[in-house]
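Visitor: In our numbering, the protein residues as written are 7 to 94. We put the CB at the ideal spot given by N, CA and C, even for glycine. Please read these numbers as outputs of a predicted model, since none were measured by experiment.
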Amino acid sequence: MIIVTGAAGFIGSCMVRKLNDIGMNEILLVDDFSFPEKEKNLEGKKYKGWIERDKLFQWLETNAEIVKGFIHLGARTDTAEKDWSVFE
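Dropping the structure here:
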């Protein structure tokens with residue numbers, strides 16, 4: 007299984023498409039899925055499942071052995087963010 011963080015964003019979803027194009031569908035999507043507008047980015051993509059970003063480490067505690075790689079594209083991209091605590 008490949009884990010893609012930031013998978014529901016534009017760049018992350020393009021990575022999922024590329025993985026699909028080369029025959030990889032055993033993908034776990036990791037993101038903050040609370041933004042309905044991101045759903046369109048995942049339309050037509052093939053993946054095994056998804057998990058909220060704050061649950062990833064808990065999931066890894068029991069599933070690490072099936073992970074073959076990480077593609078880390080998750081990031082805070084709001085340049086106007088005023089709440090500095092989100093970066094901690």
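1) Assuming Leu35 is part of the alpha helix (DSSP H), what are its boundary residues?
2) Contact check, Met7 vs Val73 under 8 Å by CB: the rounded distance?
3) Using alpha carbons as the reference points, say which of Asp60, Glu32, Gly50 and Ile33 lies closest to Ser40.
4) I think Val10 touches Leu79, with their Cβ atoms under 8 Å apart; what is that distance to the nearest whole Å?
5) Using only the alpha-carbon positions, how far apart do Leu34 and Lys88 sit?
Guide: According to the structure data:
1) The sequence position of residue 35 within the sequence shown is 29, counting from 1. Counting along the chain, Leu35 falls outside any alpha helix (DSSP H), though it belongs to the beta strand (DSSP E) covering Ile33 to Asp37.
2) The residue labelled residue 7 in the question sits at position 1 within the sequence shown. The residue labelled residue 73 in the question sits at position 67 within the sequence shown. Right, their Cβ atoms sit about 6 Å apart.
3) Locating residue 40 in the sequence shown gives position 34, counting from the first residue. It is Asp60 whose Cα lies nearest to the Cα of Ser40.
4) Within the sequence shown, the letter at position 4 stands for residue 10. Within the sequence shown, the letter at position 73 stands for residue 79. With 8 Å as the limit, Val10 and Leu79 qualify as a contact, their Cβ atoms being about 7 Å apart.
5) Here residue 34 is taken as the residue at index 28 of the sequence shown, counted from 1. Here residue 88 is taken as the residue at index 82 of the sequence shown, counted from 1. Straight-line Cα distance between these residues: approximately 31 Å.
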